[in-house]
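For reference, the structure discussed in these notes is given below.
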Amino acid sequence: MKDDFPIRKTDAEWKALLADKGAEPGAYEVTRRASTERPFTGKYERVWADGSYHCICCGSKLFDSNTKFDAGCGWPSFSEALPGAIRAFRDTSHGMVRIETVCAQCGAHLGHVFEDGPAPTGLRYCMNSASLDFQPEDKKT
Ligand SMILES: [Zn+2]
771 MKDDFPIRKT
781 DAEWKALLAD
791 KGAEPGAYEV
801 TRRASTERPF
811 TGKYERVWAD
821 GSYHCICCGS
831 KLFDSNTKFD
841 AGCGWPSFSE
851 ALPGAIRAFR
861 DTSHGMVRIE
871 TVCAQCGAHL
881 GHVFEDGPAP
891 TGLRYCMNSA
901 SLDFQPEDKK
911 T
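The sequence shown begins at 771 in this note's numbering and counts up one residue at a time.
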């Protein structure tokens, strides 16, 4: 089921929260309505800095930058998610069978995962930039 996430808010609350965070204009439609941003338009598609990628809605950490790779598909792509950070659902919309990925904490739609990624995982997490919030590496050491 897709309605048992630890963090739950109303649509109005999510809209207000995303506006407060200065999220991309499409962030609400992507994360709460499972729309897809146009390829090669996302702000993280060409970002290769060290850090981590978090859910734009709830801040949960989803990916390390060292798993990000250039899939050439026009969306930020990762070969591995942090353990337990993401839940996957079968998605049969648009006449395709795909695996939808959502934030395990708040259910935000992130994108889809495909089995054509690089070794060792063989996975390609094809994400919407609008779903993500990049945090540069914290150099404490
Ligand atoms: Zn989330």
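The C-beta atom is built at its ideal place from N, Cα and C for all residues, glycine as well.
Here the structure is a predicted model, which means the values were calculated and not measured.
- Relative to the non-hydrogen atoms of ligand 1, the Cβ of isoleucine 777 comes within a distance shorter than 8 angstroms of at least one.
- Taking a cut-off of 6 angstroms from the heavy atoms of ligand 1, the residues with a C-beta inside it are Cys825, Cys827, Cys828, Ser830, Cys873, Gln875, Cys876 and Ala878.
- With a beta-carbon spacing of about 7 angstroms, lysine 838 and serine 847 fall inside the 8 angstroms limit used to define contacts.
- The beta-carbon distance between leucine 880 and glutamate 850, rounded to whole angstroms, is 14 angstroms. This is too long to meet the 8 angstroms contact definition.
- Take the alpha-carbon of lysine 791 and the one of cysteine 827: they are about 9 angstroms apart.
- Taking glutamate 907 as the centre and dropping the five residues before and after it, the same chain places the C-beta of Asp820 and Gly821 closer than 7 angstroms to its C-beta, in chain order.
- By the CB criterion at 9 angstroms, serine 899 and glycine 842 fall outside the cutoff.
- The closest CA to that of tryptophan 845, considering only Gly865, Met866, Phe884 and Gln875, is found on Phe884.
- Residues Ala797 and Tyr798 of the same chain have their beta carbon placed closer than 6 angstroms to that of leucine 788, with the five preceding and five following residues left out of the count.
- Aspartate 790 carries a helical assignment under DSSP once its states are collapsed to helix, strand and coil.
- Look at threonine 811 here: in three-state DSSP terms it is coil, with no helix or strand label.
- A distance below 6 angstroms between beta-carbons, with the five flanking residues on each side excluded, links serine 835 to the following residues of its chain, in chain order: Asp820 and Gly821.
- Beta-bridge partners of leucine 902 (DSSP): Cys825.
- Per DSSP, reduced to three states, the secondary structure at glutamate 850 is coil, with no helix or strand assignment.
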